[in-house]
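There are 2 protein chains.
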Amino acid sequence: MPYRTRKKDLTAKLLATFKQLISEGTLVPGARLPAEREMASSLKVSRGSLRQVLKMLEIMGVVSQRVGDGTYLNGAAPSILAEPMEFLILLDGISFGELMEARLIVEPELAARAASRATPEYLAILRQSLVSMKESGAGHAGLIEEDLRFHRTIFQMADNRVCSIMFSIVHQSLHNLMEITSRMVGLDHTIKLHTRIYTAIRKGDPEEARARMFAHLTDAKGLLTRSNEARIQARMGDRFGTLSLR
Amino acid sequence: MPYRTRKKDLTAKLLATFKQLISEGTLVPGARLPAEREMASSLKVSRGSLRQVLKMLEIMGVVSQRVGDGTYLNGAAPSILAEPMEFLILLDGISFGELMEARLIVEPELAARAASRATPEYLAILRQSLVSMKESGAGHAGLIEEDLRFHRTIFQMADNRVCSIMFSIVHQSLHNLMEITSRMVGLDHTIKLHTRIYTAIRKGDPEEARARMFAHLTDAKGLLTRSNEARIQARMGDRFGTLSLR
DNA sequence: GGTCTAGAAATGGTACTACCAATTCTCATC
DNA sequence: GATGAGAATTGGTAGTACCATTTCTAGACC
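So the sequences go chain by chain: A and B.
Numbering that gives the first Met the number 0 puts the first residue of the first sequence at 0, with every later residue one more than the last.
Numbering that gives the first Met the number 0 puts the first residue of the second sequence at 0, with every later residue one more than the last.
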């Protein structure tokens, strides 16, 4: 009789159920899910088991839960991969340099594609980003913020959500690892390199955009690697009370 | 008094705790975690709350749980991003074509790097992969399997774990979406294109490897897009009992 | 009629208990 | 020393209770 009773535990099954509900359109972004107690009885599982799944979805950013209100399905959530990525970095011991290397592999090509698809609107955003960098002042934490925004705009221009989302996460991880070190990068230097990228994109020259992006990231990697490499492991995770497990 | 009582709920705090424990080396891959009841009392949380976190970690592949045995911390887990990626595809409505496009952006560069780092060992694996393709026979499901293995080997050769992991996930997602359609791709055709890539890598010619990979993926994208584009949404999620939430 | 407010209801957050099923451990038995 | 039955351990699931926050509702008030 347990013909299809796989070895999967309830949580995995429930997860599959939610994927099914989303894919068939029963659940659409913005929709409010039934209350936990109600869902639990509908699905014939305990509230505790259901909550395991909902909590996971909440931390991945798939749903938002608010006490006294309810649970809502979110739409596109770039943060979905953020938590898993942190564990990946921790468990695989992925280094700052390796993250930068990944950018070096992907972003030049994305810059090239951005150059091919440049629109006045996006160019304006890039220009604005350059202006914001100048205003942020050297060493200011906002500079890195603006730097990454510049690159993310290029991602959008390249028009591929898969790469865009994945490397936004890489940026986020990098950002978590850098922070203070921002004062190391020279303001004028940074702006100069970014301006070159912008110019190439504005000209609609893919090859030059690729080369400029490559040069910029190679440069940045060299500047930042030394000072950051060491402190990666130490900075992950937010302390929480006593940590002894015994 | 609740000086540092952030708005984060317990699950998020516990998640941070585990990250902390991993990063400071208290928990290392392979380690066996204390029993749930024990951990719960140590951390002063209920077993239910703790289980929410452990279940999430288990589904991400960070830990493995076995009834009657215990919970173990896994090492490198390429599957960490798999579940989140599925939700990303569902929620963002990412298409087959877009996934292939992402490969088109990244894999040529990875092939080029593989050519620069070719070793006899890896070349042997690639050759073996080509042989396996021939043996698998046209239309066989194993062909796609072998196809993806070939590409993943190139990822390893390119020596960047970030890209390697991320695009293994892309492959996985693609694989979930293809399956049956494998009989569409001609065996000889596929092998011919892969052999060209292999040859370029063996010669250690990055530019040719890049071009061959680009040609192959462009070709594959064209062949597969039509037949797969439509059925993406329908195939996600494994049905599980009644799906009505009310 | 409209506004405000206090109480009720609904909802997610956490804790605790109980029991099941699978696994491992222990120790008597051969 | 090997074997096997039973006890202990462990994760899996269910159910209940209570709390804090938010929303809803109904009545008081202007």
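Heads up, the beta-carbon is just placed ideally off N, CA and C, and yes, glycines get one too.
Could you check what DSSP says for residue i in three-state terms: helix, strand or coil?
i        : result
B/LEU32  : strand
B/GLU23  : coil
A/ILE93  : coil
A/ARG116 : coil
A/PHE239 : Residue confidence for A/PHE239 is low, a pLDDT of 37 falling below 50, so the modelled location carries little weight; the figure read from the coordinates is stated next. A/PHE239 falls in the coil class under three-state DSSP.
A/LYS18  : helix
B/ASP8   : coil
B/ALA110 : helix
B/ASP204 : coil
B/GLY141 : helix
A/ALA75  : coil
A/GLY221 : helix
B/ASN159 : coil
B/SER181 : Low per-residue confidence applies at B/SER181: pLDDT is 49, beneath 50, and the placement is therefore not dependable, though the value from the model is reported in the following sentence. Three-state result, B/SER181: helix.
Taking a contact to mean a Cβ-Cβ separation below 8 Å, would you say residue i touches residue j in this structure?
i        : j        : result
B/LEU13  : B/LEU49  : yes
B/PRO119 : A/LEU80  : no
A/LEU32  : A/GLY69  : yes
B/ILE200 : B/LEU125 : yes
A/SER193 : A/LEU98  : Checking the sequence shown, residue 193 of chain A turns out to be His, not Ser. No, Cβ-Cβ distance for A/HIS193 and A/LEU98 is not below 8 Å.
A/ARG116 : A/ASP146 : no
A/GLU317 : A/ARG211 : It is not possible to answer for residue 317 of chain A, since the shown part of chain A is limited to 0 through 245.
A/ILE104 : B/VAL66  : no
A/ILE164 : B/LEU87  : yes
Out of the options, which one is the CA nearest neighbour of residue i?
i        : options                                   : result
A/GLY29  : A/SER63, A/ALA15 and A/GLU37              : A/SER63
B/ARG148 : B/PHE166, B/VAL161 and B/ASN159           : B/PHE166
A/SER94  : A/LEU173, A/SER128 and A/GLY203           : A/LEU173
B/ALA214 : B/GLY47, B/ALA15, B/ILE21 and B/GLU100    : B/GLU100
B/SER78  : B/GLY96, B/MET55, B/GLU97 and B/GLY67     : B/MET55
A/PHE17  : A/GLU144, A/GLU37, A/VAL61 and A/GLU106   : A/VAL61
A/ARG112 : A/ASP8, A/LEU20, A/TYR197 and A/GLY221    : A/TYR197
A/ILE190 : A/LEU122, A/LYS43, A/SER135 and A/SER41   : A/SER135
B/GLU85  : B/LEU103, B/ILE58 and B/GLY185            : B/ILE58
B/VAL44  : B/GLU207, B/ASP8, B/VAL161 and B/ILE153   : B/ASP8
B/THR10  : A/VAL27, A/ILE168 and A/LEU53             : A/LEU53
A/HIS170 : A/ALA123, A/TYR121, A/LYS202 and A/GLY96  : A/GLY96
B/GLU207 : B/ILE153, B/LYS133 and B/ALA114           : B/ALA114
B/ASP204 : B/ALA15, B/ALA110, B/ALA34 and B/GLY185   : B/ALA110
A/LEU223 : A/LYS202, A/GLN155, A/ASP187 and A/ILE143 : A/ILE143
B/GLY185 : B/GLN155, B/ASP218, B/LEU42 and B/GLU35   : B/ASP218
B/HIS150 : B/TYR121, B/HIS188, B/ASP91 and B/LEU42   : B/TYR121
B/ARG36  : B/VAL27, B/LEU42 and B/ARG46              : B/ARG46
Since residue i meets chain A, which of its residues come closer than 7 Å, beta carbon to beta carbon?
i        : result
B/MET165 : MET165
B/LYS220 : Within 7 Å Cβ-Cβ: nothing; B/LYS220 doesn't reach chain A, min ~13 Å.
Kindly list, in the order they appear in chain A, the residues whose Cβ is closer than 9 Å to that of residue i.
i        : result
B/ALA30  : Under the 9 Å cutoff, chain A gives no residues; its nearest Cβ is about 10 Å from B/ALA30.
B/PRO205 : Per Cβ cutoff of 9 Å: no residues; B/PRO205 is ~12 Å from chain A at best.
Which residues of chain B have a Cβ atom closer than 7 Å to the Cβ of residue i, listed in chain order?
i       : result
A/ASP91 : ALA75 and ARG160
A/GLN51 : ARG50, GLN51 and LYS54
Closer than 8 Å by beta-carbon distance: list the chain B residues that pair up with residue i, in chain order.
i       : result
A/LEU80 : LEU80, PRO83, MET84 and LEU87
A/LEU14 : ILE58 and GLU82
A/LEU98 : VAL161
Going along chain B, which residues have a C-beta under 9 Å from residue i?
i       : result
A/GLY67 : Near A/GLY67 there are no residues of chain B at all, since even the closest Cβ is about 14 Å away, more than 9 Å.
| Minimum length 4: unbroken alpha helix (DSSP H) runs contained in the segment 39-72 of chain B | 46-59
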